[in-house]
Amino acid sequence: MEDMKKNEILLESGTNELEVMEFTIGDRYFGINVAKVVEIMQYGAITPMPNSNPFVEGIFKPRDSIMTVINLPAYMGLSPAENESRSIFIITNFNKTNTAFHVHSVEGIHRISWTNIEKPDSTIYGGEESLATGIARFDDRLITILDFEKILSDIAPDKGIQIQEIYNLGERETSTKPILLAEDSPLLERMIMESLEKSGYTNLIPCTNGQEAWDTLMKFKETGEDIKNHVCCVVTDIEMPQMDGHRLLKLIRDDEQFRVLPVIIFSSLINDEMRKKGESLGATAQLTKPEIANLVTLIDKYIL
Numbered sequence: 016m017e018d019m020k021k022n023e024i025l026l027e028s029g030t031n032e033l034e035v036m037e038f039t040i041g042d043r044y045f046g047i048n049v050a051k052v053v054e055i056m057q058y059g060a061i062t063p064m065p066n067s068n069p070f071v072e073g074i075f076k077p078r079d080s081i082m083t084v085i086n087l088p089a090y091m092g093l094s095p096a097e098n099e100s101r102s103i104f105i106i107t108n109f110n111k112t113n114t115a116f117h118v119h120s121v122e123g124i125h126r127i128s129w130t131n132i133e134k135p136d137s138t139i140y141g142g143e144e145s146l147a148t149g150i151a152r153f154d155d156r157l158i159t160i161l162d163f164e165k166i167l168s169d170i171a172p173d174k175g176i177q178i179q180e181i182y183n184l185g186e187r188e189t190s191t192k193p194i195l196l197a198e199d200s201p202l203l204e205r206m207i208m209e210s211l212e213k214s215g216y217t218n219l220i221p222c223t224n225g226q227e228a229w230d231t232l233m234k235f236k237e238t239g240e241d242i243k244n245h246v247c248c249v250v251t252d253i254e255m256p257q258m259d260g261h262r263l264l265k266l267i268r269d270d271e272q273f274r275v276l277p278v279i280i281f282s283s284l285i286n287d288e289m290r291k292k293g294e295s296l297g298a299t300a301q302l303t304k305p306e307i308a309n310l311v312t313l314i315d316k317y318i319l
């Protein structure tokens with residue numbers, strides 16, 4: 016009952032918090048947003064698949080569904096566990112895909128504010144190719160929150176954004192109507208912007224997180240002009256350091272001048288629970304990555 020009450024509070028208010036499942040690979044601590052996790056299971060029998068990606072251990076059938084097992088230590092270049100039989104599967108669901116990630120242990124779940132999650136230094140964590148979406152401090156240790164979407168798209172490119180889908184939309188006209196984009200992944204930001212530009216949208220305002228997007232909106236508000244002279248549509252991810260997409264959406268809907276703006280949530284986390292949360296906060300539309308052509312169609316609908 017207590018958990019239900021907490022979930023309802025989060026659902027109603029957009030508190031800029033997330034729950035992080037902490038896990039280990041060797042002596043290093045990592046994290047994944049609990050919203051991506053279906054369950055955790057003990058390491059079990061895996062059927063190898065011939066000619067598969069070297070980081071794919073094989074397939075695993077826990078019950079009535081078959082899913083791919085990704086060896087996360089191998090993918091990250093870290094040592095295997097001394098006793099793999101004591102390892103763990105983290106079963107995830109995002110981008111409409113169930114995947115099992117092989118890790119060494121699961122330590123627990125922590126509730127953390129996005130304001131306490133820092134964007135990793137690009138010179139240390141690899142810039143656009145970084146596997147870290149954020150760094151969180153918990154007690155006496157740092158937890159690296161991994162970019163599971165990038166990991167999955169590296170191993171299975173068909174699960175990522177497919178820019179070629181834009182060409183299926185046919186002949187397009189150029190539009191200079193301004194679109195504000197909040198996306199923390201440099202790689203995804205580049206791919207989304209490239210897709211929108213190929214679709215004819217040439218006036219794009221990229222922001223690396225919800226806080227930067229909100230600060231940008233406030234600067235436009237200070238001009239005293241109609242907000243739609245500066246922004247006609249907001250496209251936002253959910254998971255972002257400093258301020259997440261749900262908190263950004265709540266702030267927009269609570270502001271008399273901004274609430275007229277269409278806000279499209281474009282995220283790998285659009286499951287039933289997250290969809291209800293987005294609806295309660297006033298999302299204009301919600302779309303699961305990597306459906307980039309559908310995103311363009313929605314933008315057409317709301318601003319053309």
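Sequential numbering from 16 applies to the sequence shown in our numbering. Cβ atoms here follow ideal geometry from the backbone N, Cα and C, with glycine treated the same way.
- prompt: For Gln179, which option in Lys213, Ile318, Asn113, Phe109 has the closest C-alpha, if you only look at C-alpha atoms?
  reply: Here the closest residue by C-alpha is Lys213.
task: Check whether the Cβ atoms of Leu93 and Gly41 sit closer than 7 Å, and answer yes or no.
output: Their beta carbons are under 7 Å apart, which means Leu93 touches Gly41 by this criterion.
task: Under 8 Å by Cβ, that's how I've got Tyr58 and Ser100 pegged, so tell me the actual separation to the nearest angstrom.
output: The C-beta distance from Tyr58 to Ser100 rounds to 6 Å, short enough to fall under 8 Å.
message: Check for me: the alpha helix (DSSP H) holding Arg262 runs from which residue to which?
response: 260-269
query: Helix, strand or coil for Ala300 per DSSP?
result: The answer is strand: DSSP assigns Ala300 an E or B state.
Contact test: Pro193 Cβ vs the ligand SAM heavy atom, cutoff 6 Å: In the structure shown, the ligand SAM is absent, as is every other ligand, since no ligand is present at all.
- request: Can you give me the start and stop residues for the beta strand (DSSP E) that Asn108 sits inside?
  value: 103-109
task: Report the three-state DSSP secondary structure of Gln57 (helix, strand or coil).
output: strand
Pick from Arg43, Gly293, Glu271 that is closest to Asp155, judged by C-alpha positions: Nearest option by C-alpha distance: Arg43.
field: Assigned exposure category for Gly142 - 16 Cβ within 10 Å defines buried
entry: Legend: pLDDT at Gly142 = 47, less than 50; position of this residue unreliable, value from coordinates given subsequently. The residue in question, Gly142, is exposed, as its Cβ has fewer than 16 Cβ neighbours within 10 Å.
- request: State the start and end residues of the unbroken beta strand (DSSP E) segment that holds Val84.
  value: 82-86
- request: Pull up the distance between the alpha-carbon of Glu34 and that of Gly225, whole angstroms please.
  value: Rounded to whole angstroms, Glu34 to Gly225 spans 18 Å at the Cα level.
C-alpha distance - Asp287 paired with Asn113, whole-angstrom precision: 15 Å
Within 7 Å, strictly: CB atoms of Lys302 and Leu264: First, the amino acid is wrong: residue 302 is Leu here, not Lys. No, these two residues do not count as a Cβ contact at 7 Å.
- prompt: Would DSSP call Ala115 helix, strand or coil?
  reply: Ala115 falls in the strand class under three-state DSSP.
query: Hey, out of Asn131, Glu237, Asn48, Ser210, whose CA is closest to Pro124's CA?
result: A quick correction: the sequence has Ile, not Pro, at residue 124. Of the candidates Asn131, Glu237, Asn48, Ser210, the one whose C-alpha sits nearest the C-alpha of Ile124 is Asn48.
message: Just to confirm, is the Cβ distance from Val278 to Thr312 under 7 Å?
response: No; because the gap between Cβ atoms is not below 7 Å, this pair is not in contact.
query: Lys236 to Ala197, Cα distance in whole Å?
result: 18 Å
- request: Check whether the Cβ atoms of Thr130 and Lys51 lie closer than 7 Å to each other.
  value: no
message: Here's the rule I'm using: 16 or more other beta-carbon atoms within 10 Å means buried, otherwise exposed. How should Glu204 be labelled?
response: Buried is the call here.
- prompt: Hey, would you say Pro65 sits closer than 7 Å to Gly73, going by beta carbons?
  reply: no
query: For the candidate residues Glu254, Met255, Leu284, Val249, whose alpha-carbon lies nearest to that of Val275?
result: Val249
query: Just the Cα atoms here: how many angstroms apart are Leu167 and Thr238?
result: 43 Å
query: Over what stretch of residues does the beta strand (DSSP E) that includes Thr62 continue unbroken?
result: First-last for Thr62: undefined, no H or E at that position.
- prompt: What is the rounded straight-line gap between the Cα of Leu184 and the Cα of Ser190?
  reply: If I take the Cα positions, the gap works out to 15 Å.
query: Going by the beta-carbon positions, is the gap between Ile253 and Gly260 smaller than 7 Å?
result: yes
message: Can you look up Glu27 in the DSSP assignment and give me helix, strand or coil?
response: The predicted position of Glu27 is uncertain, since its pLDDT is 47 and thus under 50; a value taken from the coordinates is nonetheless stated next. Looking at Glu27 - three-state DSSP - the assignment turns out to be helix.
message: What would DSSP say about Asn224, mapped onto helix, strand or coil?
response: Shown here, Asn224 sits in coil according to DSSP, grouped into three states, outside any helix or strand.
message: Pop quiz: Val53 and Leu87 are said to be a contact at Cβ under 8 Å. What is the actual Cβ separation, rounded to whole angstroms?
response: With a Cβ gap of about 16 Å, Val53 and Leu87 do not count as contacting.
- prompt: What is the residue span of the alpha helix (DSSP H) that Val311 lies within?
  reply: 307-318
field: Ile178 - partner residues in DSSP beta bridges
entry: The partner list for Ile178 (beta bridge, DSSP) is empty, contrary to what the question assumes.
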